[in-house]
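Everything on this sheet refers to the single structure shown next.
Residue numbers (this note's numbering): 66 to 312.
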């Protein structure tokens, strides 16, 4: 990874899991980090405390990405606390929560992603980058069926990826590159846990097919690398197990 001193990164959904580890990796390389949470402030504050204890800079911002004011709050936090925004990592996703309504998956995984990117692009300078995190199950959903319990989420995330890719010409005009990181089922994530609960044995079956599954920290490290890697805009970086989806 490059020296990120003087750069600012915003990672959505970063109070725990993959997003939290990406925030720590980028902060360790010198980036000032905006840690986003929706409800769990103590978790986000803990991530910030760990970054600061290691000598880094970070701020926790509570914001719901499905609300316009939440999106604005995140961009404003990057600018007011650190003077700008250089890297946007679109990590937040969901849709398996039964309490959030039938349209929540599309609202979060497509509409909110587009709104976040458009707002961030207004302040991001030429040479900055947007990274969208998805799963192989979502990325390949048009060609490879997935588990019934995950299909609505997978289709909403694919819709989000397609909507973001449609904005590449606008990003190109601003000098902003766009990269997708697609991963297999990740050990220890809430999505994998919910899927295994809905379809017992799902994690073990996927592990057997892929050979092994990445841990949260291992996958987050690959996402962090993609933030500054020499990759062409529009590139998809596959992390673990993609061969079984590309047969």
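Where a beta carbon is used, it is the ideal one built from N, C-alpha and C, also for glycine.
Buried or exposed: residue i, going by 16 or more other Cβ atoms within 10 Å of its Cβ?
i           : result
residue 210 : exposed
residue 192 : exposed
residue 194 : buried
residue 123 : buried
residue 271 : buried
residue 256 : buried
residue 70  : exposed
residue 226 : buried
residue 82  : buried
residue 273 : exposed
residue 80  : buried
residue 203 : buried
residue 231 : exposed
Check each candidate in the options and name the one with the smallest Cα separation from residue i.
i           : options            : result
residue 87  : 106, 155, 105      : 155
residue 223 : 279, 110, 199, 85  : 199
residue 171 : 217, 94, 309       : 217
residue 73  : 273, 89, 202, 80   : 89
residue 187 : 91, 143, 106       : 143
residue 92  : 269, 152, 278      : 152
residue 238 : 277, 298, 108, 293 : 298
Under the assumption that residue i contacts residue j (Cβ atoms under 8 angstroms), give the Cβ distance between them as a whole number of angstroms.
i           : j           : result
residue 78  : residue 157 : 3 angstroms
residue 221 : residue 146 : In fact, because the Cβ distance is near 31 angstroms, the residues do not count as touching under 8 angstroms.
residue 185 : residue 75  : 7 angstroms
residue 264 : residue 214 : 6 angstroms
residue 229 : residue 197 : 6 angstroms
residue 201 : residue 306 : 6 angstroms
residue 308 : residue 246 : Going by Cβ atoms, the distance from residue 308 to residue 246 rounds to 17 angstroms, so no, they are not a contact pair.
Can you find the residues in the same chain that come closer than 6 angstroms, C-beta to C-beta, to residue i, ignoring five residues on each side of it along the sequence?
i           : result
residue 189 : 150, 241
residue 244 : 196, 291, 296, 300
residue 84  : 76, 78, 156
residue 236 : 243
Who are the Cβ neighbours of residue i in its own chain at under 8 angstroms, not counting the five residues just before and after it?
i           : result
residue 169 : 131, 159, 160, 162
residue 68  : 94, 95
For residue i, collect the residues of the same chain with a Cβ closer than 7 angstroms to its Cβ; drop the 5 residues on either side in sequence, then sort them by chain order.
i           : result
residue 275 : 249, 305, 306, 309
residue 234 : none
Is it the case that the stretch 278-296 contacts the stretch 166-184, given that we only count it when at least three CB pairs across the two stretches are under 8 angstroms?
no
Cβ pair count under 8 angstroms reaching 3, the stretch 96-107 against the stretch 126-135
By the C-beta criterion, the stretch 96-107 is judged to be in contact with the stretch 126-135, since at least 3 inter-stretch pairs fall below 8 angstroms.
Touching or not, the stretch 112-121 and the stretch 137-145, by the rule of three or more beta carbon pairs under 8 angstroms?
no
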